[in-house]
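In order, the protein sequences belong to chains A and B. Per the numbering used here, the very first residue in the first sequence carries number 2; after that it's consecutive. Per the numbering used here, the very first residue in the second sequence carries number 395; after that it's consecutive. Here a beta-carbon is modelled for each residue, glycine too, at the ideal position from N, C-alpha and C. The model shown is predicted, which means the values in this text are computed figures rather than measured ones. Worksheet: one structure, shown below.
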Amino acid sequence: MAGTTEDTSALDRARDVIVKYGFIAVTIVLFLYFAATEPAFATSSSLFSMLKFVSVTAILGLGVMFTMVVGGLDLSIGSVAGLAVQMAAMTMVFYNMTGATAVGVVLLAGVLVGLINAFLIVVCKIPDLLATLGMMFVIQGAKLIPVSGQSVTSGMVLRDGSEAPGRFTQGFLQIDRGFVGPIPLPVLIMLVLVIASWFFLSRTTWGRVMYAIGANPEAARLTGVRVGYYRGLAYVISGVLASVGGLILVSRIGQGDVNAGASSLLEAVAVALVGRSVLGQGKPNAWGTLLGAVLIAIVLTGLTMKGFQYYHQDTAKGAVLILALIFSYTLSRKKIRYTSAT
Amino acid sequence: MRNSKVLLAGLLGASVFAMSACSQGGTADDDPSGDAGTTADAGEGSADEGETTSASAEAPAPFDEAVNIAIVQNSGQGDYFQQYLNGTRQQVEALGGELAVFDAQGDNATQASQLDQAIAASPDGIIVRHGFPDTLCPGVNKAIEQGIPVIIYDVEIQECAPEAIQTQQSDVEMASLVLDQMVEDIGSDQNVGYVNVAGIAPLDRRDAVWQDYKAENNWTELFKTGTYTNSSATDTAPMVSNALKANPDVAAIYAPYDELTKGTLSALEQNPDLEGKVKVYGADISTADIELMKAEGSPWVATGATDPNAIGAAVVRTLALHMAGELQETKVEFPPILITADFLRENDVNNMEDLRAAEPALNIADVSSADWIPSVTF
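Next up, the structure:
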């Protein structure tokens, strides 16, 4: 942060304030506006359902954020969430295993996809965007091979003519439907992951090294950092976070769903990008990603309550993203770069 | 380095917009012709403007003042769903209410969240249209617990929410009407073909009726084929065509979903030697379907159908009765009618509007009606 306050002109100072707090102010103003005009907006059940709505996007956004920190981007994140939906449904419905097993299988699948991504990017030296784009298609298709493209439901007829033996366990369904006190479980999971991500990136050596790699991989390499190892680690973390998001999704849907996760990628990328501009940091960060997700939830919920259609909402989402990019790139006097955390 | 980051972000921004533009298409495969059906104002553009009969009695509470109704729909894309929403909207307005539309665009997790949001806004009544029972049951049960009247359309919701009110078009009746016609046309002891897919609730209900008729009339099913995809008609056609090449000796084919019926028709076109030998019995109706049935020498002789506009309105009337505490049933079915190609030709029906004029029964105005409900007809 130092270095940005040396300039003393009032205009520049004002600009700094806008860059630093502008996005938070936009969020608060929008919140107050919707709360004042739509009585149902600010009730606690409405707020919790809003946070619950956005929990998956926020968690996937964290995954994207990790890969952005090391200067990459994970385009396979939505399809990994979809893979998680499929794996969880198959584990419980086809193989009649417990919910805990399903969670384990799904998380392992996330690690595995992360490792494959890491292999393609670090060992095969394929650019991040292209490698993860390829993986996106592979996963989207491959997850449907064992089920012939059908959504997995309890009691469905299998290929050999018998009925699927298992069903979703009640415990597993609590991942999305459970509460801790008044707080929905997915909201709690989201908050825990945000705090853990923040701590990891800002308070541990690993996190700082990741930021350093994002800022300048060559310099990082010259100082003796194992760049490939950390970049790979970011993709594994991303895969695991995508799996957690997928677990919430499938527990929300309550059965397999071939389309689940497909729409998540763009929103996840958008919130991670919005997150970069928060507090004038200009670098991907966990709290910003959360705020980006919350802002999008506020906009979408408010617009829905005001009777706007989804295409208006898509427009609004895009406008939010553009606004964030303006804060990051246009208004900020600080050069956009990845520096180690403050 | 900085430049490449800027470039990357710009590229991303661009692709986010480009791709979200693509995703507007949703998952529906129907021809999205009536483009104004889902706009906030009813009756705009190409949507069918209904006529409202005025109520003859004082409305009970809560209809003595404006009511807020929410519809939580799985998908709004396609001609059928736009007509449905149009009917819903006009009936809500006739009742002096306001309609909030939650459209999950085919995303089931979103639909669950939107049902939550709809409940959180505590409306006077909620309509839930299509989706998975396992996804919707927690929300539906929560709404019932909170005393919000809910009507569910075309979801087997009572499996997991036994107190919920389930509505659907009567698929049993739809299949029976068409198959009665088929019995009349071809008689018993015939070879027949069957185009259907398993695992989709309304098609499964039609399948049960088919099995009964097949056994009763001693029909021999020479083939069963068909697939349900984003382009069912196109993907089903080659399957039926191959089945026909292997089993050309069928008198009739039953394909109880109009995309499957269309696939069957194009399969027959690819087998010109069968022309005039095979009759096709289908389901559903739309302006495009009417054209196909009326075409010179069309093998599609009969279909069973409802009018999505009328269904959308009837669901609202059912909800209104429920809100006023006057609904007795927990399951309401909307009756379809039989439409034959001969009827279309005789009455010179060229589109849905003509059809409604020729067959007022499509309006099902007497279903879930009451003297205090002004009902909308199309």
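Answer yes or no: do residue i and residue j have a C-beta to C-beta separation smaller than 9 Å?
| i | j | result |
| --- | --- | --- |
| residue 185(A) | residue 177(A) | yes |
| residue 274(A) | residue 239(A) | no |
| residue 540(B) | residue 521(B) | no |
| residue 738(B) | residue 749(B) | yes |
| residue 684(B) | residue 590(B) | no |
| residue 110(A) | residue 76(A) | no |
| residue 717(B) | residue 518(B) | yes |
| residue 447(B) | residue 708(B) | no |
| residue 233(A) | residue 116(A) | yes |
| residue 79(A) | residue 154(A) | no |
| residue 698(B) | residue 644(B) | no |
| residue 601(B) | residue 609(B) | no |
| residue 243(A) | residue 55(A) | no |
Quick check on residue i: buried or exposed, where buried means 16 or more other Cβ atoms within 10 Å of its Cβ?
| i | result |
| --- | --- |
| residue 216(A) | buried |
| residue 230(A) | exposed |
| residue 559(B) | buried |
| residue 18(A) | exposed |
| residue 326(A) | buried |
| residue 253(A) | buried |
| residue 412(B) | Confidence in residue 412(B) is poor, its pLDDT being 49 and thus under 50, which makes the residue's placement unreliable; the coordinate value appears in the next sentence. Flag for residue 412(B) reads exposed. |
| residue 741(B) | exposed |
| residue 161(A) | exposed |
| residue 103(A) | buried |
| residue 277(A) | buried |
Would you kindly work out how many angstroms separate the C-alpha atoms of residue i and residue j, rounded to a whole number?
| i | j | result |
| --- | --- | --- |
| residue 381(B) | residue 612(B) | With chain B represented from 395 up to 772, any question about residue 381(B) goes unanswered, as that position is not in the structure. |
| residue 96(A) | residue 20(A) | 53 Å |
| residue 347(A) | residue 73(A) | Absent from the structure is residue 347(A), since the part of chain A shown begins at 2 and ends at 343. |
| residue 547(B) | residue 93(A) | 28 Å |
| residue 649(B) | residue 631(B) | 12 Å |
| residue 419(B) | residue 220(A) | Residue placement at residue 419(B) cannot be trusted, given a pLDDT of 40 that sits under 50; what the coordinates show is reported in the next sentence. So the two alpha carbons sit approximately 45 Å from each other. |
| residue 501(B) | residue 730(B) | 29 Å |
| residue 692(B) | residue 576(B) | 15 Å |
| residue 551(B) | residue 69(A) | 43 Å |
| residue 642(B) | residue 621(B) | 20 Å |
| residue 528(B) | residue 477(B) | 27 Å |
| residue 90(A) | residue 450(B) | 53 Å |
| residue 291(A) | residue 126(A) | 31 Å |
| residue 763(B) | residue 474(B) | 23 Å |
| residue 66(A) | residue 286(A) | 7 Å |
| residue 431(B) | residue 771(B) | Caution applies to residue 431(B), whose pLDDT of 34 falls short of 50 and renders its modelled position unreliable; the value that the coordinates give is listed next. Those two C-alpha atoms are separated by around 16 Å. |
| residue 210(A) | residue 200(A) | 13 Å |
| residue 314(A) | residue 304(A) | 7 Å |
| residue 607(B) | residue 700(B) | 22 Å |
| residue 603(B) | residue 193(A) | 53 Å |
From the beta carbon of residue i, is the nearest beta carbon of chain B less than 9 Å away?
| i | result |
| --- | --- |
| residue 244(A) | no |
| residue 250(A) | yes |
| residue 311(A) | yes |
| residue 39(A) | yes |
| residue 157(A) | yes |
| residue 53(A) | yes |
| residue 182(A) | no |
| residue 97(A) | no |
| residue 293(A) | no |
| residue 255(A) | yes |
| residue 57(A) | yes |
Using 9 Å as the limit for Cβ to Cβ distance, is residue i near chain A?
| i | result |
| --- | --- |
| residue 680(B) | no |
| residue 537(B) | no |
| residue 700(B) | no |
| residue 485(B) | no |
| residue 470(B) | yes |
| residue 709(B) | no |
| residue 516(B) | yes |
| residue 764(B) | no |
| residue 422(B) | Legend: pLDDT at residue 422(B) = 39, less than 50; position of this residue unreliable, value from coordinates given subsequently. Cβ-Cβ to chain A under 9 Å: no for residue 422(B). |
| residue 773(B) | Nothing about residue 773(B) can be read from this structure; chain B reaches only from 395 to 772. |
| residue 502(B) | yes |
What is the C-beta distance between residue i and residue j, in whole angstroms, given that I count them as a contact (C-beta under 8 Å)?
| i | j | result |
| --- | --- | --- |
| residue 515(B) | residue 41(A) | 4 Å |
| residue 482(B) | residue 712(B) | 11 Å between Cβ atoms; not a contact. |
| residue 129(A) | residue 122(A) | 5 Å |
| residue 535(B) | residue 555(B) | 5 Å |
| residue 279(A) | residue 288(A) | 7 Å |
| residue 655(B) | residue 672(B) | That pair is no contact at about 13 Å. |
| residue 651(B) | residue 571(B) | 15 Å between Cβ atoms; not a contact. |
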